[in-house]
Amino acid sequence: RSCEYLRTEQGTDPDKCIRIEHLTFKRNGAAIRGDSLLMATQMCMFLPFSKTDVVGNGVTLTLDIDEGNPLCVVTMFNRLRKMNPARFPVRNGAERVFQTKTGLVLHKHHVQRLLKDAARRAGFKPEDFTSHSRRAGGASVMYHNGFTAEEIQRRGGWVSDVWKIYIQGY
1 RSCEYLRTEQ GTDPDKCIRI EHLTFKRNGA AIRGDSLLMA TQMCMFLPFS
51 KTDVVGNGVT LTLDIDEGNP LCVVTMFNRL RKMNPARFPV RNGAERVFQT
101 KTGLVLHKHH VQRLLKDAAR RAGFKPEDFT SHSRRAGGAS VMYHNGFTAE
151 EIQRRGGWVS DVWKIYIQGY
């Protein structure tokens, strides 16, 4: 959902911007505290705003590590924590997760440019890829790997069967 959580031409939405304080890293169910560089086996991410949150309390996504998967979010955050350990214990709760050194939230166009470059290198047509295509790709991968409709809906934040329009080969 980079369109929602990154900076766009309209600026940054403060209600949707994920902050470091919204992340909890866990190892075997217990929160990792302090400057520990223990590898997390789980990451919880609080989303203060979600279009599927009818009560308005926010939602928490819990992601488990997927050993050996190069696209595993928990693994990637473990690498980020190792590269810059001083950033991840909350020192300033206002710090955004996807923030540049100058304090600006990463722009959506930067993510899209990286995605198109990767598509080109992999032999695909870059114009077929946008930041939103990651949503369709994620749903397709889950579907073709046997995840239930409920799991796909929950992970993608869909309250209806609209996720089916994203699935390649459904």
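Each residue of the sequence shown is one higher than the last, beginning at 1 in the numbering used here.
Beta carbons: idealized from backbone N, C-alpha and C, even for Gly.
Taking all protein chains shown into account, do 16 or more other C-beta atoms lie within 10 angstroms of the C-beta of residue i, making it buried, or fewer, making it exposed?
i: F77; result: buried
i: L47; result: buried
i: V159; result: exposed
i: V105; result: buried
i: I165; result: exposed
i: M142; result: buried
i: Q112; result: buried
On the DSSP bridge list, what partners appear for residue i?
i: K203; result: There is simply no residue 203 to check, as the chain begins at 1 and stops at 170 in what is shown.
i: T8; result: G11
i: D64; result: Q42
i: H109; result: BP columns for H109 are empty, so no partner.
i: V59; result: L47
i: R121; result: According to DSSP, which records beta bridges pairwise, R121 is partnered with nothing at all.
Among residues of its own chain, excluding the 5 on either side of residue i, which ones have a beta-carbon nearer than 6 angstroms to its beta-carbon?
i: L63; result: M43, V73 and V74
i: P126; result: K116, A119 and R120
Measuring alpha carbon to alpha carbon, tell me which of the options ends up nearest residue i.
i: L61; options: D161, A119, V162 and I152; result: I152
i: E67; options: M39, R81 and K82; result: M39
i: N57; options: K16, Q10 and R79; result: K16
i: R81; options: P70, V59, R135 and V97; result: V97
i: R27; options: P14, T41 and E95; result: T41
i: N145; options: I167, R121 and I65; result: I167
i: F88; options: N69, L23 and Y5; result: L23
i: E9; options: H109, E127 and E150; result: H109
Here's a check: name, in chain order, each residue in its chain whose Cβ is nearer than 7 angstroms to the Cβ of residue i, leaving out the five neighbours to either side.
i: F129; result: L115, K116 and A119
i: W163; result: A139, I152, Q153 and G156
i: T12; result: V105
If I'm right that residue i touches residue j with Cβ under 8 angstroms, what's the distance once you round it to whole angstroms?
i: H107; j: R19; result: The pair is not a contact, with the Cβ atoms about 18 angstroms apart (cut-off 8 angstroms).
Could you pull out every residue in the same chain whose Cβ sits closer than 8 angstroms to the Cβ of residue i, ignoring the five residues on either side in sequence?
i: F124; result: none
i: Q99; result: V105 and L106
i: A31; result: T24 and F25
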